[in-house]
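Engineer:
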Amino acid sequence: TKWVYGFGNGKADGRAEMRNLLGGKGANLAEMSVLGLPVPPGFTVTTELCSHYYDHDRTYPDELKAQVQAALGQIESVVGARFGDKANPLLVSVRSGARASMPGMMDTVLNLGLNDETVGGLAARTGDARFAYDSYRRFIQMYGDVVLGVEHYRFEDELEGIKRERGVSLDTELTAQDLQTLVDRYKAVVETDLGQPFPQDPEDQLWGAVGAVFGSWMNQRAITYRRLHDIPASWGTAVTVQAMVFGNMGDDCATGVAFTRNPSTGENAFYGEYLVNAQGEDVVAGIRTPQNLTKVSREQAGSDLPSMEETMPETFRQLCDIRDRLEAHYRDMQDIEFTVQQGRLYILQTRNGKRTAAAALRIAVELAEGGVIDQREAVRRVEPQALDQLLHPTLDPKAKRDVIAKGLPASPGAASGKIVLTADEAETLAQMGDRVILVREETSPEDIHGMHAAAGILTSRGGMTSHAAVVARGMGRPCVSGAGDLRIDPKAKTVSVGGITLKVGDVITIDGSAGEVMQGEVPTVQPELSGDFATLMGWADAVRRMKIRANAETPLDARTARKFGAEGIGLCRTEHMFFEADRITAVRRMIVAESVEARKVALAEILPMQRKDFVELFTIMTGLPVTIRLLDPPLHEFLPRTEEDLAEVARVAGVDLGRVRHRTAQLHESNPMLGHRGCRLGISFPEIYEMQARAIFEAVVEVKAATGETVIPEIMIPLAFSKKELDILKAAIVAVAASVEKEKGAKLDYLIGTMIELPRAALRAHELAETAEFFSFGTNDLTQTTFGISRDDAGTFLPDYTRAGILEQDPFVTIDRDGVGELVSLAAERGRKTRPEIKLGICGEHGGDPASIHFCESVGLDYVSCSPYRVPIARLAAAQAAL
Ligand code: PEP
Ligand code: MG
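Last residue of the sequence shown: number 884 in the UniProt record's numbering, and the count goes up by one each step with no gaps.
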């Protein structure tokens, strides 16, 4: 087996396509070598060797040593130095490199090959003893830390100690003699801590470093990182060994990092930083202020430190040339590491650069417009989730964050405002022009007006599908939910966390994309939806198959959804329309009514309001399908809570308070999520659904008369588990339609379908499809009922499940393909068998999650429906799923 792949001198055994075998770093070094770029020679030990190492009790195959020897020999002949040679030593760097970049693994050991003897050779050949001893002490420090496991601070203490003794403050002020003393002290530290001297044999050093890279593949940080990013352990890491070049040999030396385009804005301008007379880790360590690469960016930054363009014009030109070649070759923005040794430029690494969402869009669009990539590739290049950053005001990345609490990133965007603890307060203050953050233990439907008035919502309880999270996402309000450390004291009107006590009226900032809560106001920046955004979304729309609808019930949500490109409404949760302050009492009166007659009186009052809602919705969505779900209240959300509520209901219903109280107690449920909700309510009280159907049909007639537009409503029955429920309810709706047709002399077109929210409904889908003309997968409830995990309480224990590796992701965020997903695909299949043309969609929160959208494409759903602010994400994700 070939375990070792050499590169350098214009040749290489590997290529960029071999990143699985050589890791990202190794593959790109090989590629750059072949391109003729100035890459110091080296070799890469394959990821397969890493797997072999773990499969064979952490040992190497016999033939490995000879292969490494031969590859080292190649480097020696290109460089003209020998590994371990006292007079003319070759030094190497050893770096890890997996297929996907993985912070948390051992990264780099520099200057390997130095020992008590070779250091003299290096000093003599370079005529620079200070440089030689500085390199040696850096090597002992790095190797001691990452390979031998000596605590980092042990070396730092010695370094500080000697600076104190010499009365200097900078490392660069230490003399060659000082550094030699430091080397002795470092070696003593290693010997004390490990009971063994620092390894002097360069071969031992090399194998030690290779073993450390492989060992780091299984360290805890790397394991955690892999779990979070779905990277299989079987991939393994490669190790790259490369001849050292030195950026720390004087003022004609430098080291730096460059991006072929600006990684924060995407502007097609060379961008980067460098340090004169330094080694790579100095840039990262932030000891010295790096200088700008170009004159323009130096001037923009208002820096007095000269740019590379000004101090090393010739080298800078070479670097610019390499920038053009690498970007043209990789057809993407590159992040390049380089070193200048005595005026000679070397490239040590290139990779696709990390970038902000705005930069990703701009780069993808400009590359496509420049003909470097095609439009489909541009669509593929932008991560849908990242669009979130663009759709909401976000915290100014330059601003300082004083984080006082953490919760779940429930609804993205950032907002600052005064703390308020009740919805009414939120509304009052907002009306007076204040920006407020509504802080609650959890929210309920009664808080909607306050949530609407607030700039952001913060709760101390609840998960990603808690009421606060779902409603906030729907409204496009930033929300941090389940910040468990918050203590809210409504009496004292304070919120305390970690020793800090804030009062109502104090200003906080929440970042719903990061789940962070900050004290005071942090500046934000506004979103920009035209330009590159619009261009890329247009390309995405051209390739996607699935339609994108929105979950919306208010006119504001519906308008937002259209603005973001929704192609209809996939879920109008009518119960949300019932919480408006002016109707909640009528709704409560209907719920607690003890007779059909009493209920009908209350319903008659609600009917015109509902009709008006639908007229508005249909008008906003003209020409597009609108799915209206009949009432699905977890009943407890509607019951009167306070004494005032009870009294109010009693007053308007004209019954005595005791009766209302008794009835409310009667309706109380221990498991409301599994209680008298969804179509069960319609079965018990058919007049409720009849009223809603009438409101819908009358609205259709009214819109037709007013605008000439024909609306085809899709009426959806929630939480059914049998065809029988559907038969009964469909018959009632059809009867209402017939009477509206008769009364108005109109002809109505409509669909009646159901949600699939229960495992039984999925299993009996072939029967349900006999009655239902469409299915919409309500994966919130379907997840809840498949797992038997309450969606409102999951937040308290699901993190333990992900930590323990039982669940990889929160199943309420990303669809559980194995369980819930199987029910979805089985129901789709069974439904289609009965009714081949059945319309299939999804309207649970998963409809806005890119991974779940890929799943929906694979099952062949007709559309996904999600909160208005997720519509662009869904458009892009659906396009990528179709590619
Ligand atoms: C669902 O259950 O997935 C759904 C969309 O309905 P709701 O969230 O209103 O229960
Ligand atoms: Mg549901």
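Don't be surprised by glycine CBs; every beta carbon is placed ideally from N, CA and C.
1. What's the gap between the Cα of Met-143 and the Cα of Gly-209?
2. Given Phe-579, which residues of its chain have a CB within under 6 Å of its CB, disregarding the five upstream and five downstream residues?
3. Taking DSSP as the reference, what is the three-state secondary structure of Asp-58?
4. Between the stretch 39-46 and the stretch 235-249, can you find at least three pairs of beta-carbon atoms closer than 8 Å?
5. Here's the rule: buried if 16 or more other CB atoms are within 10 angstroms of the residue's CB, otherwise exposed. What is Ile-501?
6. Relative to the alpha-carbon of Arg-20, which residue among Val-440, Glu-838, Thr-357 and Gly-98 has its alpha-carbon at the smallest distance?
7. Taking the alpha helix (DSSP H) that Cys-844 belongs to, which residues open and close that run?
8. Provide the residue span of the alpha helix (DSSP H) that contains Pro-714, from first to last.
9. How about Asp-794: is its Cβ closer than 7 Å to a heavy atom in the ligand MG?
10. What does a CB cutoff of less than 7 Å around Ala-559 pick up in its chain, not counting 5 residues either side in sequence?
11. When you compare the stretch 764-784 with the stretch 831-839, are there three or more beta-carbon pairs, one atom per stretch, that lie closer than 8 Å?
12. Would you tell me roughly how many angstroms separate the C-alpha atoms of Leu-749 and Phe-698, rounded to the nearest one?
13. What would DSSP say about Phe-615, mapped onto helix, strand or coil?
14. Bridge partners for Arg-441 per DSSP, in chain order?
15. I'd like the span of the alpha helix (DSSP H) that includes Ser-136, first residue to last.
16. Cβ of Val-825 within 8 Å of Cβ of Phe-778?
17. Roughly how many angstroms separate the alpha carbons of Ile-689 and Glu-644, rounded to a whole number?
18. Answer with buried or exposed for Ile-718, where buried requires no fewer than 16 other C-beta atoms within 10 angstroms of its C-beta.
19. In this structure, what does DSSP give as the bridge partners for Pro-90?
20. Should Asn-672 be labelled buried (16 or more other beta-carbon atoms within 10 Å of its own) or exposed?
21. If you measure between the beta carbons of Gly-463 and Asp-811, is that distance less than 8 Å?
22. At a cut-off of 7 Å, would you count Glu-758 as near the ligand MG, judging by its Cβ distance to the nearest heavy atom?
23. Would Gln-432 be called buried (16 or more neighbouring beta carbons within 10 Å of its own) or exposed?
24. Could you check if Asp-63 belongs to the surroundings of the ligand PEP, using beta carbon to heavy atom distance under 7 Å?
25. Measuring CA to CA, which of Pro-491, Arg-590 and Gly-516 is closest to Lys-504?
26. Starting from the C-beta of Thr-261, find all residues in its chain whose C-beta is less than 6 Å away, skip the five residues before and the five after it, and write them out in chain order.
27. Comparing C-alpha positions only, which one of Asp-583, Arg-381, Asn-29 and Val-214 sits nearest to Ala-883?
28. Could you pull the start and end residues of the beta strand (DSSP E) that Asp-336 belongs to?
29. Can you determine whether any heavy atom of the ligand PEP sits closer than 7 Å to the C-beta of Asp-817, and answer yes or no?
30. Where do the ends of the beta strand (DSSP E) carrying Gly-273 lie?
31. For Leu-658, count neighbouring Cβ atoms within 10 angstroms of its own Cβ and tell me buried if that reaches 16, exposed if not.
32. Locate the alpha helix (DSSP H) running through Ser-298, then write down its first and last residues.
33. Output the residue ranges of the alpha helix (DSSP H) runs that lie fully inside the stretch 727-801 and measure 4 residues or longer, sorted by chain position.
34. Would you mind working out which of Ala-470, Val-496 and Gly-516 sits nearest Leu-409, comparing C-alpha positions?
35. DSSP three-state label for Ser-417, please.
36. Starting from the C-beta of Arg-871, find all residues in its chain whose C-beta is less than 6 Å away, skip the five residues before and the five after it, and write them out in chain order.
Structural biologist: The short version:
1. 13 Å
2. Val-588
3. coil
4. yes
5. exposed
6. Gly-98
7. Where Cys-844 is concerned, there is no enclosing alpha helix (DSSP H), given that its DSSP letter is neither H nor E.
8. Counting along the chain, Pro-714 falls outside any alpha helix (DSSP H), though it belongs to the beta strand (DSSP E) covering 714-718.
9. Not under cutoff, so the answer is no.
10. Ala-553, Ile-570, Leu-618, Ile-621 and Met-622
11. yes
12. 8 Å
13. helix
14. Thr-460
15. According to the DSSP assignment, Ser-136 belongs to the alpha helix (DSSP H) that extends over 130-143.
16. yes
17. 26 Å
18. buried
19. Arg-83
20. exposed
21. no
22. yes
23. exposed
24. no
25. Restricting attention to Pro-491, Arg-590 and Gly-516, the CA atom closest to the CA of Lys-504 is found in Pro-491.
26. Arg-324, Glu-328, Met-334 and Gln-335
27. Distance check between Ala-883 and each of Asp-583, Arg-381, Asn-29 and Val-214 places Arg-381 closest, using alpha-carbon atoms only.
28. Note, Asp-336: beta strand (DSSP E), 335-342.
29. no
30. 272-277
31. Exposed is the label assigned to Leu-658, since fewer than 16 other Cβ atoms lie within 10 Å of its Cβ.
32. 296-302
33. Within the stretch 727-801, the complete alpha helix (DSSP H) runs of at least 4 residues are 760-764, 766-772 and 780-788.
34. Looking at the Cα atoms, Gly-516 is the closest of the given residues.
35. strand
36. Gly-849
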